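What follows is a single structure, written as structure tokens, with notes after it.
Residue numbers (our numbering), protein chains in the order written: chain A, 1 to 217; chain B, 1 to 187.
This is the structure we're talking about:
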């Protein structure tokens with residue numbers, strides 16, 4: 001590749017410096033062959049640049065879309081389709097009758113179940129009642145305005161079992177299942193007093209004591 | 001292509017990957033002329049170009065998950081289309097050797113200006129392009145018909161810029177000779 005030809009192609013590539021273009025112009029002035037070479041190449045490039053750009057057939061896009069391979073949709077799309085996608089339900093009389101029988105049997109079964117379950121629960125509940133033992137707790141405190149008992153049996157709630165006062169003695173009857181319970185009296189909502197009549201006590205972990213009650217069958 | 005268009009295309013591609021195939025219509029409509037024209041210029045036959053262009057779009061759709069989002073979709077598509085064209089040429093015919101061009105119809109001394117203006121020139125140009133080796137034809141089509149710069153052509157073809165310039169140089173020289181033989185005279 002000689003120098004002038006190199007410059008010609010740099011011009012055609014749009015890379016030529018101004019100085020190079022001047023050099024080529026000077027050379028072409030005295031060299032007819034070089035001038036023809038330059039003109040021929042320029043014409044070829046111009047023919048390319050001005051050539052018709054062919055457009056795709058009218059149905060091109062539709063054809064492409066029709067031929068796209070089936071893609072497995074993403075998990076999200078499948079989940080969305082599962083939730084919101086519309087479905088066509090095909091049916092026949094046999095299927096309808098079978099479904100009707102299943103629905104009827106299910107309704108009858110379900111309508112019976114709650115009654116049976118309620119009976120069981122009631123029986124269990126009454127069983128609990130049958131196992132429960134009535135225990136009377138008493139506490140003498142004529143000055144107190146209000147006394148309640150709190151313990152394991154009521155999750156230490158201070159207002160679950162209010163005691164009743166009679167002649168300066170507070171009392172309550174509890175239905176407790178057999179077991180061992182810790183408890184204390186709560187006087188006027190603020191003072192915790194272990195039952196003075198209890199036979200057994202245990203530390204409550206906070207520097208005080210609770211009474212211990214053993215309930216036998 | 002501006003940034004908005006590129007980000008829009010990224011969104012379209014994401015939707016395609018989520019299974020919304022209909023979104024792909026936008027990309028096909030946008031680039032069908034580009035892909036078809038390249039295939040036409042590379043292969044010289046409208047029906048074959050149509051098949052190859054369709055195959056290119058279908059292959060691109062199938063490979064969307066491998067498309068790098070920071071790349072230019074049109075460049076990627078060019079690359080797929082050119083590969084399809086090369087495959088087709090390998091399977092069907094060899095290039096016509098430059099010294100054995102006998103089927104190019106002689107012209108009647110028309111100038112490039114006249115020639116470019118009518119279908120005859122397009123026929124002559126296409127026949128001349130068909131006679132070029134594929135790698136020369138490729139770079140001339142991308143550089144002078146599609147008007148891409150060498151950097152983009154390099155990204156599309158995988159060839160270095162220097163190698164592409166050499167191919168363009170040789171391709172132009174060959175094209176000039178073919179056109180001269182076929183009667184397209186100097187302006």
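Even for Gly, the Cβ is constructed at its ideal location relative to N, Cα and C.
Remember, it's a predicted structure, so these values are computed and weren't measured experimentally.
Measure the beta-carbon distance from residue 190 of chain A to residue 131 of chain A and round it to whole angstroms, keeping in mind my assumption that it falls under 8 Å. The pair is not a contact, with the Cβ atoms about 35 Å apart (cut-off 8 Å).
What's the C-alpha gap between residue 144 of chain A and residue 134 of chain A? Those two C-alpha atoms are separated by around 25 Å.
(Q) If contacts are defined as beta-carbon pairs under 8 Å, then residue 182 of chain B and residue 134 of chain B qualify, I think. What distance do you get, rounded to the angstrom? (A) That belief does not hold up - the Cβ atoms of residue 182 of chain B and residue 134 of chain B are roughly 20 Å apart, past 8 Å.
Q: Name the one or two DSSP bridge partners that residue 105 of chain A has.
A: Answer by DSSP bridge pairing: none, since residue 105 of chain A is not bridged.
Note to self: Report the start-end ranges of each alpha helix (DSSP H) in the region 122-194 of chain A that is 4 residues or longer and not cut off at the edges.
What the structure shows: none
When burial is assigned at 16 or more other CB atoms within 10 Å of the CB, is residue 92 of chain A buried or exposed? That one is exposed.
Given a cut-off of 7 Å on the beta-carbon distance, is the pair residue 64 of chain B and residue 16 of chain B in contact? Here residue 64 of chain B is near residue 16 of chain B, since their CB atoms are less than 7 Å apart.
Problem - Reduced DSSP category for residue 128 of chain B - H, G, I as helix; E, B as strand; rest coil - result: In this structure, residue 128 of chain B counts as helix in the three-state DSSP scheme.
Note the first and the last residue of the continuous beta strand (DSSP E) segment covering residue 209 of chain A. 209-215
(message) Quick check: what's the CA-CA separation for residue 26 of chain A versus residue 4 of chain A?
(response) 10 Å
Determine the closest residue to residue 207 of chain A out of A:33, A:216 and A:192, with distance taken between C-alpha atoms. A:192
With 7 Å as the threshold, decide whether the Cβ of residue 157 of chain A is near any Cβ in chain B.
So no, residue 157 of chain A is outside the interface.
Residues of the region 49-68 of chain B in Cβ contact with chain A at a cutoff of 8 Å, in chain order, please.
Hits within the stretch, in order: 49, 50, 53, 54, 57, 58, 61 and 62.
How would you call residue 119 of chain A, buried or exposed, if buried means at least 16 neighbouring beta carbons within 10 angstroms? With a pLDDT of 30 at residue 119 of chain A, under the threshold of 50, the modelled position of this residue cannot be trusted; read the value that follows with caution. Counting Cβ neighbours within 10 Å, residue 119 of chain A comes out exposed, since fewer than 16 surround it.
- Express the C-alpha separation of residue 188 of chain A and residue 202 of chain A in angstroms, rounding to a whole number. 23 Å
- Measure the Cβ-Cβ separation of residue 32 of chain B and residue 58 of chain A and say whether it is below 7 Å. no
Contact with chain B by residue 96 of chain A, beta-carbon distance below 7 Å: Not an interface residue.
Quiz item: How many Å lie between residue 49 of chain A and residue 39 of chain B at the Cα?
Solution: One Cα belongs to residue 49 of chain A, the other to residue 39 of chain B, and the distance between them is close to 16 Å.
query = If you draw a straight line from the C-alpha of residue 45 of chain B to the C-alpha of residue 89 of chain B, how long is it?
reply = Each residue's alpha carbon lies about 12 Å from the other.
Nonlocal neighbours in the same chain, by C-beta distance under 7 Å from residue 80 of chain B, ignoring five residues either side
56, 59 and 60
* Anything in chain B within Cβ reach of residue 49 of chain A, meaning under 8 Å, just list it in chain order. => 144, 145 and 147
Inset, instruction - List the DSSP bridge partners of residue 60 of chain A. - result: DSSP, once it has assigned bridges, lists no residue as partnering residue 60 of chain A.
Distance between residue 112 of chain A and residue 136 of chain A (C-alpha atoms, nearest Å): 41 Å
Classify residue 203 of chain A as helix, strand or coil using the three-state DSSP reduction.
strand
Three-state secondary structure assigned by DSSP to residue 144 of chain B
helix
Between residue 69 of chain A and chain B, is the shortest Cβ-Cβ distance under 7 Å, so that the two count as touching? The C-beta of residue 69 of chain A comes closer than 7 Å to at least one C-beta of chain B.
For residue 69 of chain B, name the three-state secondary structure that DSSP assigns. coil
inquiry  = Counting beta carbon pairs with one atom in the region 167-183 of chain A and one in the region 138-157 of chain A, are three or more of them shorter than 8 Å?
reply    = yes
Pop quiz: residue 147 of chain A and residue 170 of chain A are said to be a contact at Cβ under 8 Å. What is the actual Cβ separation, rounded to whole angstroms?
Contact between residue 147 of chain A and residue 170 of chain A holds: CB atoms are separated by about 4 Å, below the 8 Å threshold.
Proximity winner among B:176, B:26, B:68 and B:92, relative to residue 132 of chain B (alpha-carbon distances) | B:176
#### Entry: Straight-line Cα distance separating residue 137 of chain B from residue 173 of chain B
12 Å
For a cutoff of 7 Å on Cβ pairs, would you count residue 181 of chain B as touching chain A? no
| query | If you measure from the beta carbon of residue 2 of chain A to each beta carbon in chain B, is any gap under 7 Å? | reply | no
Could you tell me if residue 56 of chain A is buried or exposed, where buried requires 16 or more neighbouring beta carbons within 10 angstroms of its beta carbon? buried
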